[in-house]
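In this text, residue positions in the sequence shown follow this note's numbering: the first is 230, and each later residue adds one. Just below is one structure, and these are the notes that go with it.
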Amino acid sequence: MLREGPFTAGSIGLVINLSGHTSHAAHPEKGCSPAAAMSRLVTGLVTLPIQLEARGDLALVTVVHARLGEEDFGTSPGQASILATLRADQYDVLKELRHLATAMAEHESAADGLDCRLEWVEEFPLTINHPAAVDEARRATVRAGLDHGMPPESPFRWSEDFGWLSADVPGALIGLGAGENQPDLHASDYDFPDELLAPGLRFWEALLVELGLRPTVDQ
């Protein structure tokens, strides 16, 4: 799979830490529990992209983890944390998602008298494919006897640390398709199909020829 321009979305991780104070579970009214605010944020964060998708942009928020209090039946919780991944296929959309998520976290925590601390982690920029690099990859696929098919209509929703490289050095990320019936990456039943090894090797050998780094390819 080859595509010029944006190939994958950009993403960033958000950690929301909510702090109140504990109390005896028999007297929850004497504490300041983040339970309600956490619940509102878990369900509310994922709705933020609705405000942006109407423009046709890719925008997505996925809550990946949440923790409330401790495993203690006698204590009403005083701490909570929420981890969410924000992703978009345009930098301005991702920036707007960050603004909306920040505003929601601050609003919901303040409504319940909680302290709120935000951390932004594991940022991956958009992977932008340079046209010249895509052309070289396309010639290599033909030389290797591979079908590069039609380019994807839009960037893939997943993100890659390769985006940091393509931001500094013109390059291209390509996809070696395993078919539509394979489990998605990170799925519990995913297993790398070894059948991709041979065509992948043929591609890299062909690319070396296209770059003038190898005289011939043994088909």
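Glycine residues also receive a C-beta, built at the ideal position from the N, C-alpha and C atoms. The model shown is predicted, which means the values in this text are computed figures rather than measured ones.
Remark: C-beta atoms of P263 and L247 approach each other more closely than 8 Å. Within the DSSP bridge table, the entry for A288 names A317 as partners.
Going by DSSP, T370 is part of no beta strand (DSSP E) but of the alpha helix (DSSP H) stretching over 360-372. Rounded to whole angstroms, the gap between the alpha carbons of D413 and G260 is 43 Å. Following the DSSP letters along the chain, one finds P235 inside the beta strand (DSSP E) bounded by residues 234-237. About 6 Å separates the CB atoms of I311 and V292; that is less than 8 Å, so the two are in contact. With contacts defined by Cβ atoms closer than 8 Å, L231 and H359 do not form a contacting pair. For V398, no alpha helix (DSSP H) run applies, since DSSP gives it neither H nor E.
Within the same chain, and ignoring the five residues on either side of E365 in sequence, the residues whose Cβ sits closer than 6 Å to its Cβ are E439.
Contact annotation, G429 with E351: C-beta distance approximately 27 Å; criterion of less than 8 Å not satisfied. Look at the segment 300-348 and you find these whole runs of alpha helix (DSSP H), each 4 residues long or longer: 320-340. For A264, the enclosing alpha helix (DSSP H) starts and ends at 264-274.
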